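Q: What follows is a single structure, and I will ask about it in a moment.
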Amino acid sequence: MPPRSPYDNLVHPRTVRKPVPQVEAEKDLVVEDPSSGFVGAVVRCEKDVVHLEDRFGKVRGYPLGPGFWVDGRPVVLVRPKHAAPSGPLRSASGSLYVNNARARVARAGRIYVEGKHDAELVEKVWGHDLRIEGVVVEPLHGVDDLPAIVKEFRPTQGRRLGVLVDHLVKGSKESRIAEQITGAHALVVGHPFIDIWQAVKPSVVGIKAWPTVPKGEDWKTGVCRRLGWEDDTGYVWAQRILARVGSFTDLEPALLGRVEELIDFVTTD
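Here you go:
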């Protein structure tokens with residue numbers, strides 16, 4: 001084998017591959033996935049996934065990393081490095097964030113909410129507070145199940161029960177059930193919205209107002225139809241509504257006060 005030449009490792013500068021720059025996936029950054037041709041703005045960035053929304057409102061999630069273009073050039077998308085806050089760190093609910101705090105052992109008391117979407121919204125905004133206080137939130141499958149749940153739960157001092165009900169207005173079926181249950185160790189409160197979706201401010205999801213749906217028509221389905229959204233209400237909730245909620249400021253005050261009231265109630269020994 002002939003000896004290696006000292007010139008064997010020389011490479012012309014034009015043939016040297018430049019490293020692909022890293023770009024932070026900040027909100028509203030326009031990104032292209034060249035493999036599919038999908039172009040969208042960053043709407044949120046999770047631990048390992050970036051979510052893009054195109055001009056038609058369609059949202060897709062992609063793994064962070066290489067394979068994207070920004071301004072026609074290849075980039076590696078990385079999580080944004082948020083600047084350290086100058087003041088006390090706040091949780092999504094607006095309370096002081098407790099760093100490195102371990103979740104408290106769950107209390108005997110519980111908070112029930114009317115549905116999976118309600119539970120997910122409460123967790124996203126008040127999750128830190130609930131873990132600090134040791135409060136578990138569970139979904140109801142319907143307000144009609146509430147009397148049986150309360151009877152089985154048997155609320156007492158140190159074992160309080162709080163319930164959040166949708167569309168709790170005077171004279172409604174929900175209000176009559178609430179009156180039967182509320183007592184010294186059980187509290188039923190509600191918001192005026194037909195569904196928890198309405199508790200999210202319209203501007204947060206990019207609309208002027210939640211549409212009016214005639215009585216007798218499924219409200220969620222009717223909303224999606226009138227706004228031109230997908231007919232999968234689970235997808236719409238996760239991608240178009242819950243994903244846009246960042247903190248308590250994105251929610252209507254009528255919901256905020258009720259959730260805070262329930263947390264205070266069940267944590268009072």
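Using the UniProt record's numbering, the letters of the sequence shown correspond one by one to residues 1 to 269. We put the CB at the ideal spot given by N, CA and C, even for glycine. Bear in mind that the values here come from a model prediction, so they are computed numbers and not experimental data.
#1: For the putative contact between residue 137 and residue 113, defined by C-beta atoms under 8 Å, what is the C-beta separation to the nearest angstrom?
#2: On a CA-only basis, which of 78, 44, 32, 133 is nearest residue 278? Give me that one, please.
#3: Going by CA-CA distance only, name the one from 180, 203, 160 that's closest to residue 249.
#4: Assess, as a yes-or-no matter, whether the segment 138-157 is touched by the segment 106-121 under the definition of 3 or more beta carbon pairs within less than 8 Å.
#5: According to the Cβ coordinates, are residue 121 and residue 194 closer than 8 Å?
#6: Within 10 angstroms of the Cβ of residue 163, are there 16 or more other Cβ atoms? Answer buried if so, exposed if not.
#7: Just to confirm, is the Cβ distance from residue 223 to residue 210 under 8 Å?
#8: Report the three-state DSSP secondary structure of residue 118 (helix, strand or coil).
#9: Give the straight-line distance between the Cα atoms of residue 161 and residue 180, rounded to the nearest whole angstrom.
#10: Give a yes or no on contact between the segment 252-267 and the segment 124-131, applying the rule of three or more CB pairs nearer than 8 Å.
#11: To the nearest angstrom, report how far apart residue 22 and residue 71 are at their CA atoms.
#12: How is residue 4 classed by DSSP in three states: helix, strand or coil?
#13: What span of residues does the alpha helix (DSSP H) with residue 253 cover, start to end?
#14: So for residue 239, helix, strand or coil by DSSP?
#15: Do you know offhand how far residue 48's Cα is from residue 78's?
#16: Among the residues of its own chain, which have a CB less than 8 Å from the CB of residue 281, if the five just before and after it don't count?
#17: Between residue 56 and residue 186, what straight-line distance do the alpha-carbon atoms span, to the nearest angstrom?
#18: Along the chain, where does the alpha helix (DSSP H) that runs through residue 153 open and close?
#19: In three-state DSSP terms, what is residue 196?
#20: On a Cα-Cα basis, can you pick out the residue from 76, 58, 192 that is closest to residue 20?
#21: Thinking C-alpha only, which one of 80, 110, 130 is nearest residue 104?
#22: Report the rounded CA-to-CA distance for residue 233 versus residue 239, giving the unit in angstroms.
#23: Suppose only complete runs of 4+ residues qualify. What are the alpha helix (DSSP H) ranges in the UniProt domain "DUF3097" (22-80), listed by chain order?
#24: What separation, rounded to the nearest whole angstrom, lies between the Cα atoms of residue 205 and residue 241?
#25: Shortest alpha-carbon distance to residue 80 belongs to which of 65, 220, 267, 174?
#26: I need the DSSP call for residue 138, collapsed to helix, strand or coil.
#27: How should residue 92 be labelled, buried or exposed, when 16 other C-beta atoms within 10 angstroms of its C-beta is the threshold for buried?
A: A quick look at the data gives this:
#1: 6 Å
#2: With the chain covering 1 to 269 only, the question about residue 278 has no answer from this structure.
#3: 203
#4: yes
#5: no
#6: buried
#7: yes
#8: helix
#9: 14 Å
#10: yes
#11: 13 Å
#12: Since pLDDT at residue 4 reaches only 47, below the 50 mark, its modelled position is unreliable, and no value is offered.
#13: 253-266
#14: helix
#15: 9 Å
#16: Nothing about residue 281 can be read from this structure; the chain reaches only from 1 to 269.
#17: 46 Å
#18: 146-153
#19: helix
#20: 76
#21: 130
#22: 10 Å
#23: none
#24: 6 Å
#25: 65
#26: strand
#27: buried
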